[in-house]
Structure formats: structure tokens, C-alpha cells
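One structure is given below, encoded as C-alpha cells.
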Amino acid sequence: PPGHAMAPAMRSSVVLTLLAACAALQAGPRTPGVARAPPSSTALAAAERPFDPYAEPPVLGTNRHGKVWVPQARRPRRNRKSPAVRALVRDVVLEPGNFIYPLFIHELDYNEPIASMPGCERHSLTSLVKEVGEARGYGVKTVILFPKVAEALKSNEGEEAYNPDGLVPRAIKAVKEAYPDVTVCTDVALDPYSSMGHDGIVRDGKIVNDETVVQLMRQSVMQADAGADIIGCSDMMDGRVGAIRDALDAEGHTDVSIMSYTAKYASAFYGPFRDALDSHPGFGDKKTYQQDPANSRDALIEAELDVAEGADILMVKPAMAYLDVIQQLATTNLPIAAYHVSGEYAMVKAAAERGWLDEKAIFLESFISLKRAGCNAILTYAAKDAAKWLAEDS
């Protein structure tokens with residue numbers, strides 16, 4: 006009754022009754038004292054029959070010719086039905102002209118293989134010209150040069166970087182004399198020339214920015230004087246793009262392009278490259294000037310600055326682990342390059358040597374993915390081989 010509490014014993018009895026009723030409802034109707042009937046033979050037979058997509062209710066239909074028909078108007082497979090159709094609707098096309106071929110050079114008159122980069126070697130100048138000619142024959146007409154500098158020529162301030170009689174300017178001239186239509190890119194940074202193994206001048210254990218930029222300006226002008234077509238500044242010093250642009254313009258090199266390493270990450274993928282140039286950091290790491298792999302917004306800041314300072318091409322390095330960064334930078338109005346770096350190259354080569362991967366298929370799929378993400382140019386040590394493979398497939 007209203008105003009009266011239910012006695013505890015009665016409350017327990019009601020709860021138990023309700024629980025029993027719920028259990029009975031879940032079990033279904035049952036005659037008292039009679040066991041539940043097993044499934045009928047008809048039901049068992051239906052369960053054991055093979056699936057019939059046409060049985061009632063039908064899962065599939067039939068067309069006017071009595072053939073099975075999935076009632077779906079849009080069928081994406083129609084655009085994949087033949088090589089010709091696939092080529093017709095392809096979003097991106099990979100061509101030899103998309104590749105920039107990195108080549109290592111040294112002062113010796115013979116080549117030295119690079120153990121951690123199978124298929125790559127340090128070229129003499131004679132061999133360099135020959136290799137450029139072979140790549141050109143497959144449609145790869147852009148190269149970038151990286152020097153291994155003798156220890157005796159290295160210093161903290163990297164003065165050898167702008168020696169007009171040094172290895173790089175002589176290599177530029179040799180290539181341009183043999184193949185005037187080949188585009189020669191150069192690397193602007195102090196690490197190949199530094200006794201400290203860093204991209205900039207070291208003062209009291211720190212890589213100093215503005216003093217380094219002065220050296221980079223000198224290096225860029227010297228390379229342009231030698232005939233370089235594109236200056237690739239890989240140092241990651243603040244303000245260097247604008248300073249280099251002003252220096253080039255002041256010296257009459259208004260047609261020389263700048264390819265800025267806009268998003269160069271402090272990556273573990275660079276090891277084999279440093280073996281090739283013997284340019285491992287003498288102390289510490291490069292994390293105070295190269296970008297943190299955890300950050301993508303830094304790349305947007307760097308891109309905004311590089312565009313404002315006069316860069317012609319923006320680069321992301323490494324490539325495959327940074328497709329998201331490539332895609333973000335592709336929203337600018339400048340061409341995008343990606344550097345498929347030495348570690349990425351070495352991993353594929355090592356797996357292919359063991360028979361674990363198809364080298365050709367993996368490289369070409371990787372390069373297609375870079376173009377799909379928004380790249381125009383791809384720096385890769387497999388450039389000549391990839392151009393051969395594309396020629397075979399065509």
C-alpha cells in the first residue's frame with residue numbers, strides 16, 4: 006500500500022519470481038512436464054543443403070539471358086579489364102624524365118664499390134661521364150653529384166666547398182662538356198668538407214647558423230660558375246634559401262634554380278649514404294637542424310619560408326616514410342621532389358638478393374606511390390635501372 010515499505014522477504018520473493026519469468030520467456034513456450042522437441046527433419050535437411058543463391062528469398066538475380074547477375078550498376082573492375090584500359094585511366098604515369106640520378110665521385114682514377122649500397126660506387130671523373138651517358142640513353146637526363154673529399158682537405162669551416170678547382174666543379178664541367186642537355190644538380194652543405202662531419206660550422210659544440218650561410222653562399226656561386234643548373238641546398242640552415250638566391254642573382258645566375266631540401270628529417274635511413282661519403286657526424290647527431298620525424302607541421306613552416314625566399318623546387322627526404330608530408334607540400338604551387346634515400350634503396354636490394362622481394366616490382370611500385378602522393382621528381386639510386394625497366398614494359 007502507499008506509504009508502506011515492502012518487507013525484505015517479500016521483496017526477495019518478487020525478484021526471484023521476475024527472474025524466473027524472464028528465463029522462461031527466453032526459453033520459449035513449453036508444456037509443463039514435456040521436453041522441448043528436437044528440430045524437424047525438414048529443418049535439418051534445409052540446414053545441410055548446399056547454399057543456393059537462387060532459392061527464396063534470392064540473393065542474386067538472373068539477367069534476360071538466364072545468367073547470374075549481381076544487380077550493381079557501378080563496377081570499378083570495368084576500368085581494370087585490360088592493359089590498354091588501365092593505361093587509359095591511370096592517375097599518374099612514371100617516366101624516366103621523373104628521375105634524378107645521384108652519383109658519388111672521388112679523386113681516384115678507378116671506381117670503388119659501396120658495400121652498404123649494392124650496385125652503387127664512387128666514380129672517377131671518367132667513369133662519371135660514362136655513367137651519365139648510359140643513364141641519358143635510357144631517358145634519365147638529370148643527375149646530382151656527391152663528392153667524397155679527402156681528409157686532408159676537410160676543415161671546420163669547409164673552405165674546400167668553394168674551391169673553383171675542386172672535385173665538384175671539375176665534375177660539373179666534364180658532364181656539361183660531354184652532354185650539354187643533361188641537367189646537373191649539386192649538393193650545397195658543408196658535411197662532405199667538414200672535419201666535424203656536420204652540415205655547418207661548429208662553435209663550442211654547436212652548429213652555428215649564420216656563419217654557415219655565408220659559406221653556403223660561396224659554395225653555391227662557385228657551383229653555378231662551373232655550370233650547375235640546379236643548386237640543391239641540403240644543409241637545413243635557417244634563411245639559406247633567400248641568401249643563396251640573392252647571391253646567385255647578384256652574380257648573374259638568375260637562371261640557376263634552387264631545389265631546397267625543405268623537409269629533411271633527422272632520419273635513421275641515411276646510414277649507407279654517410280658510408281659512401283665518409284661523412285658521419287664527428288660528434289652527436291643532426292637533430293638541432295634536421296627535422297623531428299614526429300612532426301609534419303614543421304614541414305609546412307619550412308615550405309612557407311622556402312617559397313617566400315625564392316625556392317624553385319621543394320624536397321622531402323626521406324621518401325617512403327613521409328608520404329603524408331609529400332602530400333601536404335604538394336598543395337603549394339611549386340614542384341615537389343622526394344629523395345628515395347640510401348637506406349630505402351639498401352633495404353630493397355638486400356631483400357632482393359635473398360630472394361624475398363621482386364626488386365623491379367618493389368622499386369617501381371615505390372616510385373609510383375611517390376608520384377601518387379604528389380611528387381614531380383624522384384631522386385633514386387635505382388634511376389638507371391628503373392628507366393630500363395620502364396623501357397622493357399613499354
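Read in our numbering, the sequence shown has 304 at position 299, and its numbers run on one by one without any break.
For each residue, glycine too, the CB sits at the ideal point set by N, CA and C.
Would the beta-carbon of K376 fall within 8 angstroms of that of L99? Residue mapping note: residue 376 aligns to position 371 of the sequence shown, counting from 1. Residue mapping note: residue 99 aligns to position 94 of the sequence shown, counting from 1. Yes, they are a contact pair.
Quick check on DSSP: helix, strand or coil for V134? Numbered from its first residue, the sequence shown carries residue 134 at position 129. In the structure shown, V134 sits in a helix (DSSP, three-state: H, G or I).
Between which two residues does the beta strand (DSSP E) harbouring P152 extend? Taking the first residue of the sequence shown as position 1, residue 152 is located at position 147. Counting along the chain, the beta strand (DSSP E) containing P152 begins and ends at T147 to P152.
For the beta strand (DSSP E) that contains D192, what are its first and last residues? Position 187 of the sequence shown holds residue 192. Unbroken beta strand (DSSP E) run through D192: T188 to V193.
Helix, strand or coil, according to DSSP, for M122 in the structure here? Taking the sequence shown and counting its residues from 1, the one referred to as residue 122 is at position 117. The answer is coil: DSSP assigns M122 none of H, G, I, E or B.
Checking 8 angstroms against the spacing of the C-beta atoms, do I177 and Q224 come in under that value? Taking the sequence shown and counting its residues from 1, the one referred to as residue 177 is at position 172. Taking the sequence shown and counting its residues from 1, the one referred to as residue 224 is at position 219. Taking 8 angstroms as the Cβ cut-off, I177 and Q224 do not qualify as a contacting pair.
Report yes or no: do three or more beta-carbon pairs, one from the segment 315-325 and one from the segment 243-254, lie closer than 8 angstroms? yes
Helix, strand or coil for E112, going by three-state DSSP, please let me know. Taking the first residue of the sequence shown as 1, we reach residue 112 at position 107. Three-state result, E112: coil.
Do you know whose CA, among Q295, V148, A281 and V193, lies nearest V180's CA? Numbered from 1 along the sequence shown, position 175 holds the residue referred to as residue 180. The candidate whose alpha carbon is nearest that of V180 is V148.
Please report how far the alpha carbon of M201 lies from the alpha carbon of G287, in whole angstroms. By one-based count along the sequence shown, residue 201 stands at place 196. By one-based count along the sequence shown, residue 287 stands at place 282. Those two C-alpha atoms are separated by around 5 angstroms.
Coarse secondary structure for A391, derived from DSSP in three states: As a first step, residue 391 must be located in the sequence shown, where it is residue number 386. Three-state result, A391: helix.
Taking Cβ positions, are G163 and L195 nearer each other than 8 angstroms? Reading the sequence shown from its first residue, position 158 is the one you call residue 163. Reading the sequence shown from its first residue, position 190 is the one you call residue 195. Yes, these two residues count as a Cβ contact at 8 angstroms.
Under the three-state DSSP convention, the category R208 falls into: Indexing the sequence shown from 1 puts residue 208 at position 203. In this structure, R208 counts as strand in the three-state DSSP scheme.
Check each candidate in I383, D398 and L395 and name the one with the smallest Cα separation from C190. In the sequence shown, counting from the first residue as 1, residue 190 sits at position 185. Among I383, D398 and L395, the Cα nearest to that of C190 belongs to I383.
Check Y386 in the structure and name its three-state DSSP category. Along the sequence shown, one-based indexing puts residue 386 at 381. The answer is coil: DSSP assigns Y386 none of H, G, I, E or B.
Rounded to the nearest angstrom, how far is the Cβ of V321 from that of A268, given a contact under 8 angstroms? Here residue 321 is taken as the residue at index 316 of the sequence shown, counted from 1. Here residue 268 is taken as the residue at index 263 of the sequence shown, counted from 1. That belief holds up - the Cβ atoms of V321 and A268 are roughly 5 angstroms apart, short of 8 angstroms.
Would DSSP call A140 helix, strand or coil? Position 135 of the sequence shown, counting from 1, holds the residue named residue 140. Helix.
Provide the residue span of the alpha helix (DSSP H) that contains V90, from first to last. Sequence index remark: in the sequence shown, residue 90 carries index 85 (1-based). Element bounds for V90: P88 to V94.
Enumerate, from N- to C-terminal direction, the unbroken alpha helix (DSSP H) stretches of 4 or more residues contained entirely within the segment 245-319. 245-255, 276-282 and 302-314
Using a Cβ-Cβ cutoff of less than 8 angstroms, which residues in the same chain neighbour A392 once the five nearest sequence positions on both sides are dropped? One-based indexing of the sequence shown puts residue 392 at position 387. Closer than 8 angstroms at the Cβ level, and outside the excluded window around A392, lie P101, F104, A140, Y143, G144 and V145.
Note down the Cα distance separating L172 from R83, rounded to an integer number of angstroms. Here residue 172 refers to the residue found at position 167 when the sequence shown is read from its first residue. Here residue 83 refers to the residue found at position 78 when the sequence shown is read from its first residue. So the alpha carbons of these two residues sit roughly 55 angstroms apart.
So if DSSP puts H345 in a beta bridge, which residue, or which two residues, is it bridged to? Along the sequence shown, read from residue 1 onward, the residue named residue 345 stands at position 340. Per DSSP, T385.
When Y344, M241, D280 and A304 are compared against I212, the one with the closest alpha-carbon: What you label residue 212 is simply residue 207 of the sequence shown in a count that begins at 1. Comparing Cα positions, the closest option is M241.
So the candidates are E216, N381 and P58; which of them puts its Cα closest to the Cα of A335? Within the sequence shown, numbered from 1, the residue matching residue 335 stands at position 330. That would be N381, whose Cα lies nearest to the Cα of A335.
Can you tell me where the beta strand (DSSP E) holding G237 begins and where it ends? As a working mapping, residue 237 is identified with position 232 in the sequence shown. G237 -> beta strand (DSSP E) spans I235 to C238.
By how many angstroms is the C-alpha of A356 removed from the C-alpha of L65? Along the sequence shown, read from residue 1 onward, the residue named residue 65 stands at position 60. Along the sequence shown, read from residue 1 onward, the residue named residue 356 stands at position 351. Rounded to the nearest angstrom, the two C-alpha atoms are 45 angstroms apart.
Residues in the same chain with beta-carbon distance under 8 angstroms from I119, minus the five sequence neighbours each way, listed in chain order, please. Counted from its first residue, the sequence shown places residue 119 at position 114. These residues qualify, in order along the chain: F109, C125, E126, R127, P277, D280 and A281.
Run through the DSSP bridge pairs and tell me what Y4 is partnered with. The structure shown does not extend to residue 4, since the chain spans only 6 to 399, so no value can be given for it.
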